[in-house]
Amino acid sequence: MAGEFQRLVAEAEASWIFSSATLSIDGDFSHFARRLGFEDARELLVSSPYDYRRNTLLYVPQEVPVPGRTAEGFTKAVLEAALPVASAAGGRAFFLFTSYRALDEAREMLGDDPAWKERFVAQGAGRPRSLLLEEFRSRKDCILLGTRSFWQGVDVRGNDLILVVIDRLPFEAPGNPVYRARQQAVRARGGDPFNEISLPEAVLALKQGVGRLVRGESDKGVVMICDQRLLARGYGRRFLASLPPMPLTRDPGEALRFMTRVAGEPRREAA
186 MAGEFQRLVA
196 EAEASWIFSS
206 ATLSIDGDFS
216 HFARRLGFED
226 ARELLVSSPY
236 DYRRNTLLYV
246 PQEVPVPGRT
256 AEGFTKAVLE
266 AALPVASAAG
276 GRAFFLFTSY
286 RALDEAREML
296 GDDPAWKERF
306 VAQGAGRPRS
316 LLLEEFRSRK
326 DCILLGTRSF
336 WQGVDVRGND
346 LILVVIDRLP
356 FEAPGNPVYR
366 ARQQAVRARG
376 GDPFNEISLP
386 EAVLALKQGV
396 GRLVRGESDK
406 GVVMICDQRL
416 LARGYGRRFL
426 ASLPPMPLTR
436 DPGEALRFMT
446 RVAGEPRREA
456 A
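Everything in the sequence shown is counted per our numbering, starting at 186 for the first residue and increasing by one.
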């Protein structure tokens, strides 16, 4: 990819500017620059204008087990931890999953739950993303279940969205053939595929998912990440250092109190 892109750069008589909230990892642009073959690009990291410390809370529930190779039992634990917070939010929540299997399990469980069976919309069955978002915005009291396509490029401002739940750290599935080929190329030159590919790309994907919550200066809410590895593994520090400066709690009572306060604020239109 880097060689082909650098050929395009060399042929174009133009300046190239790349701007995004999800280009850096812990303030470092080297992963992005390396993928595109840049060695001497000028970099600028601009701080966010949003008051994350006051307006948001990062909640990592203790009762959800460390995810294993299968979703069996894990998705149920995620819902058991997340639904009380979603109730306090009055819906208005994105539940973002890293696999269709987990999403399908959640869809089935919510469909059997009297409190939620009429209050959720789910990706799938060929429904366009735009229609799901339109339904979510118009109903104002439901949960949206989505996979990777809802982790980025989705903008719900105001307090129509005040809770984002993420089931797992978004590491790429090891069976992806393109991903495996990239890993093999890194190994062939003596590199470390986990630290050069898996970890940085999962960090960037998590930043995108978390970024669904705060889309304007007045936006508030809770980000709930149901993966113990965020705090229990050494690499979790890379994820945390790359996220906005949100206060962290493991206390469900604190999460519920914060969510109740945010949900009780008057409805406001998107800025």
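We put the beta carbon where it would ideally sit given N, CA and C, even for glycine.
Segment limits, alpha helix (DSSP H) that includes residue i
i: Phe214; result: It is not in any alpha helix (DSSP H) - Phe214 carries neither H nor E in the DSSP assignment.
i: Leu389; result: Leu384 to Val395
i: Leu371; result: It is worth fixing the name first, because residue 371 is Val in this sequence and not Leu. Note, Val371: alpha helix (DSSP H), Pro362 to Ala373.
i: Phe321; result: Arg314 to Arg324
i: Gly421; result: Gly421 to Ser427
Exposure label - residue i; buried when at least 16 CB within 10 Å
i: Ala456; result: Summary for Ala456: the model assigns pLDDT 49, below 50, so the residue's position carries little reliability, and this model does not support an answer.
i: Tyr235; result: buried
i: Pro328; result: In the sequence as presented, Pro is not what sits at residue 328; that position holds Ile. Flag for Ile328 reads buried.
i: Trp336; result: buried
i: Asp345; result: buried
i: Ile202; result: exposed
i: Arg292; result: buried
i: Gly396; result: buried
Close Cβ partners of residue i (< 6 Å) along its chain, the five nearest in sequence each way excluded
i: Lys405; result: Asn240 and Val447
i: Trp301; result: Leu295
i: Glu381; result: Val371
i: Arg333; result: none
i: Val363; result: none
i: Ile410; result: Val245 and Ile351
N- and C-terminal bounds of the beta strand (DSSP E) containing residue i
i: Val349; result: Leu348 to Ile351
i: Val407; result: Gly406 to Ile410
i: Val447; result: No beta strand (DSSP E) holds Val447; the alpha helix (DSSP H) holding it covers Pro437 to Ala448.
i: Ala307; result: Phe305 to Ala307
i: Leu329; result: Ile328 to Gly331
Nonlocal neighbours in the same chain, by C-beta distance under 7 Å from residue i, ignoring five residues either side
i: Gly275; result: Asp326 and Ala448
i: Ala266; result: Pro246, Glu248, Val249 and Cys411
Sequence-distant residues of its chain with Cβ nearer than 8 Å to residue i (five each side left out)
i: Phe424; result: Leu354, Ala387, Val388, Leu391 and Leu415
i: Pro432; result: Arg238, Thr241, Leu242 and Leu243
**Request:** Could you pull out every unbroken beta strand (DSSP E) segment of at least 3 residues lying fully inside the segment 245-301, listed in chain order?
**Result:** 278-281
**Prompt:** Would you say the segment 276-288 touches the segment 424-443, given that touching needs at least three Cβ pairs under 8 Å?
**Reply:** no
**Item:** Contact the segment 358-370 vs the segment 418-432: 3+ CB pairs below 8 Å
**Value:** Here the segment 358-370 makes no contact with the segment 418-432; the two share fewer than three CB pairs at distances below 8 Å.
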